[in-house]
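Accompanying notes for the structure given below.
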Amino acid sequence: MNLEKVVFGFFVLLAATLNFGFFIGDIDDPALHNPYELFAAVVVNLIATVLKFGDRTQIGAVHLATSLVADLQLIGAALMFGYAEYVSSAGMTPSWTASVVSLSGGALLANIVSVVLLVVETVSFHRG
Amino acid sequence: MGNPLLIFWRQVFGQEDDRRRVRRATLRVAAASAAQASATIFLVMRRMRVPLIVLITIFAVSVLGLTVIPGQDDQGRPWRMGFFDAFYVMSYTATTIGFGEIPYAFTYSQRMWVTISIYLAVIGWAYAIGSLLALLQDRAFRSALSLQHFTRKVARLREPFLLIAGYGRTGELLGHSFDALGRRFVVLDLSDERIDGLELGSYHADVPGLTADARDPGHLAVAGLDHPCCEAVVALTNDEEANLAVVMAAALLRPELPVIARVTSRTLSERMQAFGNPSTVNPFDRFGDHLRLALKAPASYQLLTWLESGPGAALPSRGAPPRDGRWIVCGYGRLGRELTADLRAEGLDVTVIESTPAQGEDADLLVGDGSDPWVLAQADLDRAVGLIAGTDNDTTNLSLVAAARRSNPSLFVAARQNRPASAPLFGAMDLDALLVPTEVVAHEVYAQLSTPLLWRFLREMPARGDRWAADLVGRLTDVCGTRLQALWKVRLTDEEAPALGSWLASGTAELGTLLRNPEDRADPLHAIVLLVVRGREVTLAPGDDFVLRSGDELLLAGWAAARRALDTICVVDAVREYVVTGRRVPSSWIWRKLSRGEPEVEEPATRPPAATRS
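Residue numbers (the working numbering), protein chains in the order written: chain A, 204 to 331; chain B, 14 to 627.
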């Protein structure tokens, strides 16, 4: 067992699950989308991205690309969340909530690709 | 079986295939080297993982803590910080900017948490920035960066360039002469200092340089061996093996490129000849040849050294080495052996002085330290005509020269200078002949590469004899003065000299008519044609009545202004017309159309070159 692989798999999977947890629920109901979960998703995604730095293989490059996409979308969602809460006078209206959640949905897709890549990599690894 | 189409196909494309295969091999070699460089950068990114993760974690924990810990607003009501406020507070606190407690004054529980996070965040930042700076200082990383920088610079070269492996004294001399010609070159050297020295070399053009081992074909490929604009490879390192490796790499990866290598031993030179047909330069051998030429034909030797020294060189004085009598050679190393053999081949007596006894095959070998007065007396210095101080130690050579001069002032003295730092001392000695191996190599390579015509001229020239050479030196000094001016090549083809076409075809195109001043054709141009190449036939220093033909290649020496004037004559019809016939014709299209009738009718009849020459 390789500890590096455990940590890597853990963070990639955790990023996807947290993202999914935030995404699930009615798209325009702010009560169903916990901001802490979004925060956790952003942080874990960032850590997963850094873990993918410096891999020279083709699959490593795709891994990094998916993570960067997820980061971009999640940070966009967090920025919109912050704008709705602090700047906009209306607060978290259903339309703002829907925008934030749909952005996180895009990130979820990228995270799923990442997990699929992880699975493919694991399955195609032959012992001996 | 005998399908003519297939044979044709193979004839035309088979070679192409071969070439492509070689090209692919070179590309692979270059890619391997570039991959090495990017590998280092990946390693650096990998090493930044831990500091970055630590930083992200610390930030995340601090921000989360701030949002969770209960606070109060300005009215004392319970209030919780949002993520944005928490992130904002942590950002300015962690980076030690410190705007204070925003938006409301903190409670004690919040302050406790912020205290802890300040220490954590400062440690995190210090760790991350410290690791980043350490990586930037890392040797491997820096050399990888410089390799990438170099690769990019070489790949962007769009003009022909020279690849110089080994940038010692020789490389520097060669680089400066090529730079003066406006040619580009790329340098590889093992030593960091020499590559840094490139920046201080004050070249006109940017010279890409890389600290790398030239024995590695990957480095050669990165330095442009596979670049379509690479015109020649020169191996000038001090290490003979490395030179051989460069020759091998060039011959195998780019067989069509000319290669010039510095060698000092015959065996290595023969080993190099096994790879394609590189031209090798052995400074000791060349000096021996030069000495023989100087003995036979001092003026030819003078012309040779002058033309080899490149633009701006002063006319060397014409020495007169004694043709009969006994010579003394001090030092029986590589140089001593070559010179002894050369002098004996000229029918001269030679006495050799060597401090370490050799295998004793030589009858006239004196064992002893040459700088010892007793040994010199043994060699019967008073009755000798020439002395060559050819050891590999400058101090010994200088003291030999001084001792010999004292006992026999009329002696012809030649010495070898090994280190560039000793140059002023040898200069002060006022020697009859000085051998600087690095300069011999640099001049030789320059002569071979600057223009192929010069090399051809220098090889053909000694056969013309001393009188002819003295005459040519006289003509050159009349035109250029005692400093060599520009050397250039003109090709009389339709592309490069479109204005000359019909005149050349007429069969009466005499050289003397062409080399006239376009302002006033009574004045000749300040230039001399050294060589005319027509197909396989060469003519050295043709006279004014030499008839030019289309396709001739000319090598000229003269003022830069003459070069510009000749370029104008070759390109502008009106100027050519004036220079050749003395008639001023309009140069613009409209005026030519307007004044068409007359000159067109007259043209075939007007060509009196001899009559108009002043």
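Note that the Cβ used here is the ideal one computed from N, Cα and C, for glycine as well.
Practice task
Could you tell me if B/MET125 is buried or exposed, where buried requires 16 or more neighbouring beta carbons within 10 angstroms of its beta carbon?
Solution key: Looking at its Cβ environment, which holds fewer than 16 other Cβ atoms inside 10 Å, B/MET125 is exposed.
Problem - Ranges of the alpha helix (DSSP H) found wholly within the region 218-300 of chain B, counting only runs of at least 4 - result: Listed in chain order, they are 230-233, 253-266, 279-286.
Problem - the region 223-250 of chain A: positions lying closer than 9 Å to chain B by Cβ - result: Taking 9 Å as the Cβ-Cβ cut-off against chain B, the residues of the region 223-250 of chain A that qualify are PRO238, TYR239, LEU241, PHE242, ALA243, VAL245, VAL246, VAL247, LEU249, ILE250.
Problem - Cβ separation of A/GLY257 and B/PHE55, assumed to be a contact under 8 Å, to the nearest whole Å - result: That belief holds up - the Cβ atoms of A/GLY257 and B/PHE55 are roughly 5 Å apart, short of 8 Å.
Exercise for the section: Could you check which residue in B/ASN410, B/GLN498, B/GLU566, B/GLU508 has the C-alpha nearest to that of B/PHE470? Expected result: When each option's Cα is compared against that of B/PHE470, the closest is B/GLU566.
Exercise for the section: Kindly indicate the opening and closing residues of the alpha helix (DSSP H) around B/ASP593. Expected result: The question names Asp, yet the displayed sequence has Val at residue 593 of chain B. Per DSSP, B/VAL593 belongs to the alpha helix (DSSP H) from 586-594.
Handout entry: Burial state of A/MET204, where buried means 16 or more other Cβ atoms lie within 10 Å
Key = With fewer than 16 other Cβ atoms within 10 Å, it is exposed.
Handout entry: Of the listed residues A/VAL247, A/ALA287, A/GLY308, A/SER317, nearest to A/ILE230 (C-alpha basis)
Key = The shortest Cα separation from A/ILE230 among A/VAL247, A/ALA287, A/GLY308, A/SER317 belongs to A/GLY308.
Exercise for the section: Please name the residue, chosen from B/VAL67, B/LEU579, B/GLY214, that lies closest to B/LEU527 on a Cα-to-Cα basis. Expected result: For B/LEU527, the nearest C-alpha among the options comes from B/LEU579.
Exercise for the section: Pull up the distance between the alpha-carbon of B/LEU213 and that of B/ARG182, whole angstroms please. Expected result: Rounded to the nearest angstrom, the gap between the Cα atoms of B/LEU213 and B/ARG182 is 14 Å.
Problem - Spatial distance of A/ALA218 from A/LEU267 (CA atoms) - result: C-alpha separation (whole angstroms): 13 Å.
Practice task
Jot down the residue ranges of each uninterrupted beta strand (DSSP E) in the region 169-199 of chain B, minimum 3 residues, whole runs only, in chain order.
Solution key: Counting only unbroken stretches of 3 or more residues, the beta strand (DSSP E) elements lying wholly within the region 169-199 of chain B are 174-178, in sequence order.
Handout entry: Within chain A, the residues that B/PHE154 reaches when beta carbons sit closer than 8 Å
Key = For B/PHE154, none of the residues of chain A pass the 8 Å Cβ criterion, the least Cβ distance being about 13 Å.
Handout entry: B/TYR216: CB within 8 Å of a non-hydrogen atom of the ligand MG
Key = Among the components modelled here there is no ligand, and therefore nothing to report on the ligand MG.
Exercise for the section: Just mark B/PRO622 as buried or exposed, buried being the case when its beta carbon has 16 or more other beta carbons within 10 Å. Expected result: Here B/PRO622 scores only 42 on pLDDT, less than 50, and its place in the model should not be relied on; the value that follows carries that caveat. Its Cβ being crowded by 16 or more others within 10 Å, B/PRO622 is buried.
Problem - For B/GLU615, three-class secondary structure by DSSP - result: Reliability of the predicted coordinates at B/GLU615 is poor, the pLDDT of 41 falling under 50, and no value is obtained from them.
Practice task
Would you check if the region 79-89 of chain B and the region 104-121 of chain B touch, i.e. whether three or more CB-CB distances between them fall below 8 Å?
Solution key: Segments in contact, yes.
Exercise for the section: Report yes or no: do the region 335-350 of chain B and the region 386-403 of chain B share at least 3 C-beta pairs separated by less than 8 Å? Expected result: Touching, yes.
Problem - Contact the region 470-485 of chain B vs the region 508-522 of chain B: 3+ CB pairs below 8 Å - result: Because the criterion of three Cβ pairs below 8 Å is not met, the region 470-485 of chain B and the region 508-522 of chain B do not touch.
Practice task
Select from the region 277-304 of chain A all residues with a C-beta closer than 7 Å to any C-beta belonging to chain B, and list them in chain order.
Solution key: Within the region 277-304 of chain A, the qualifying residues are GLY285, GLU288, TYR289.
Problem - Integer-rounded CB distance, given that B/VAL449 should sit under 8 Å from B/LEU316 - result: Contact between B/LEU316 and B/VAL449 does not hold, since the beta-carbon distance rounds to 19 Å and is not under 8 Å.
Exercise for the section: Can you grab the Cα-Cα spacing for the pair B/ARG620 / B/THR594, in whole Å? Expected result: Note on B/ARG620: pLDDT 42, under 50, position unreliable in the model; no value is reported.
Handout entry: Rounded straight-line distance, which links the Cα of B/ARG207 to that of B/ALA153
Key = Each residue's Cα considered, the two are about 19 Å apart.
Practice task
Excluding the 5 residues preceding and the 5 following B/ASP586 in the sequence, name in chain order all residues of the same chain whose CB lies nearer than 6 Å to its CB.
Solution key: Beyond the five residues adjoining it in sequence on each side, B/ASP586 comes within less than 6 Å, by CB distance, of ALA512 in the same chain, given in chain order.
Practice task
Could you pull out every unbroken alpha helix (DSSP H) segment of at least 4 residues lying fully inside the region 242-301 of chain A, listed in chain order?
Solution key: Qualifying alpha helix (DSSP H) stretches, in chain order: 261-285.
Problem - Terminal residues of the beta strand (DSSP E) in which B/ILE341 lies - result: From DSSP, the beta strand (DSSP E) with B/ILE341 extends over 339-343.
Exercise for the section: Would you decide whether B/PHE112 is buried or exposed? Buried here means 16 or more other CB atoms lie within 10 Å of its CB. Expected result: Residue environment: B/PHE112 is assigned as exposed (fewer than 16 neighbouring CB atoms within 10 Å of its CB, all protein chains considered).
Practice task
With B/ASP362 as the anchor, note down where its beta strand (DSSP E) starts and where it stops.
Solution key: B/ASP362 -> beta strand (DSSP E) spans 362-367.
Handout entry: Beta-ladder partner(s) of B/THR552, from DSSP
Key = For B/THR552, DSSP records a beta bridge to B/VAL545.
Exercise for the section: Could you tell me whether any Cβ in chain A is nearer than 9 Å to the Cβ of B/SER51? Expected result: Closer than 9 Å: yes.
Exercise for the section: Could you check the C-alpha separation between A/ASN248 and B/VAL135 for me, to the nearest Å? Expected result: Separation of A/ASN248 and B/VAL135 (C-alpha to C-alpha, rounded to the nearest whole angstrom) is 23 Å.
Exercise for the section: Could you name the residues of the same chain whose beta carbon sits closer than 8 Å to that of B/ALA255, not counting the 5 residues immediately before and after it, in chain order? Expected result: So the list reads ALA178, GLY179, ASP226, ALA227, ARG228, ALA248, once near-sequence residues are dropped.
Exercise for the section: Within the same chain, show all residues whose beta-carbon is closer than 6 Å to that of B/PRO271, passing over the 5 residues directly before and after it, in chain order. Expected result: Listed in chain order, the non-local C-beta contacts of B/PRO271 below 6 Å within the same chain comprise ALA245, local neighbours out to five positions each way being set aside.
Practice task
Thinking B/GLY571 and B/ALA499 are a contact (beta carbons under 8 Å), I'd like their distance in whole angstroms, please.
Solution key: The Cβ separation is near 7 Å, so the contact holds.
Handout entry: Between the CA atoms of A/ALA301 and A/PRO238 - distance to the nearest angstrom
Key = Straight-line spacing of the CA atoms in A/PRO238 and A/ALA301 works out to 14 Å.
Handout entry: Whether B/THR364 touches B/ALA392 by CB criterion (9 Å)
Key = Yes, they are a contact pair.
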